[in-house]
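Taking it in order: structure first as structure tokens, then the write-up.
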Amino acid sequence: MRTNILTITAAVTLTAALIIAGGCRKQQRLETETDLESEPASGTEILPAAADSFEPAMLIGGEEVRLEAYLWRDFMPGPGAPTDGHRLRGVVRVFSVDGQRINDEIDIEYVWLKHNDSLWGVALPAPAPVDPPSRVEKSFAGGPEWPTGTPVAVIVKLVDRKGLTSYLRVNEVEIVKTQ
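Position one of the sequence shown corresponds to residue 0 (numbering that gives the first Met the number 0), numbered consecutively onward.
Here you go:
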């Protein structure tokens, strides 16, 4: 079991490092809340209507930050493991391109996953200290049961120390299968 956990952890870390998206540096802040898509389901955030235009990189406080994401479904057999695999899990990471300290400047508050017309989102817990301080990283579980190989858009809501909201998006993140 320990070997399997280490294998999954290594796969997540390696693959996430390889999924760095290119992008531009334009600022992606909403000026008003009237830019929102629709009423959310109970307890969920509203996905901004401009979400399709969000980029995987932007400037925050003069520093270029980028979003990378890794998504997977675990099909590892075992006692109590579902035969059709566990629900989707993921890791999202926002990092400073120049290696500057950002993890006390911004937080990833929410993540949405979008595939065609399907949308799923979840609030993320308060940040834990991350080393190095040039990134903010969070994980989630309990996502949709979309098939492995599915390309997904991952959108994150960032909040800085002043309470300003920004968004990043990376497209075509493929759901991988672990077993």
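Even glycine gets a Cβ: it sits at the ideal position worked out from N, Cα and C.
The beta carbon of L167 lies closer than 8 Å to those of Q27, F53, E54, P55, A56, M57, V64, R65, L66, V93, I154, V155, L157 in the same chain, with the five residues before and after it left out. Between I59 and A80, the alpha-carbon positions lie close to 42 Å from each other.
For S117, the number of other beta carbons within 10 angstroms of its own is below 16, and it is reported as exposed.
E108 is positioned such that its CB atom lies closer than 8 Å to that of L123.
Taking each of P150, R160, G162, T177 in turn and checking the Cα distance to L112, the smallest one comes out for P150. Residue burial annotation: G142 is buried, with at least 16 other C-beta atoms found within 10 angstroms of its C-beta.
Beta-bridge pairing by DSSP links R168 to I154.
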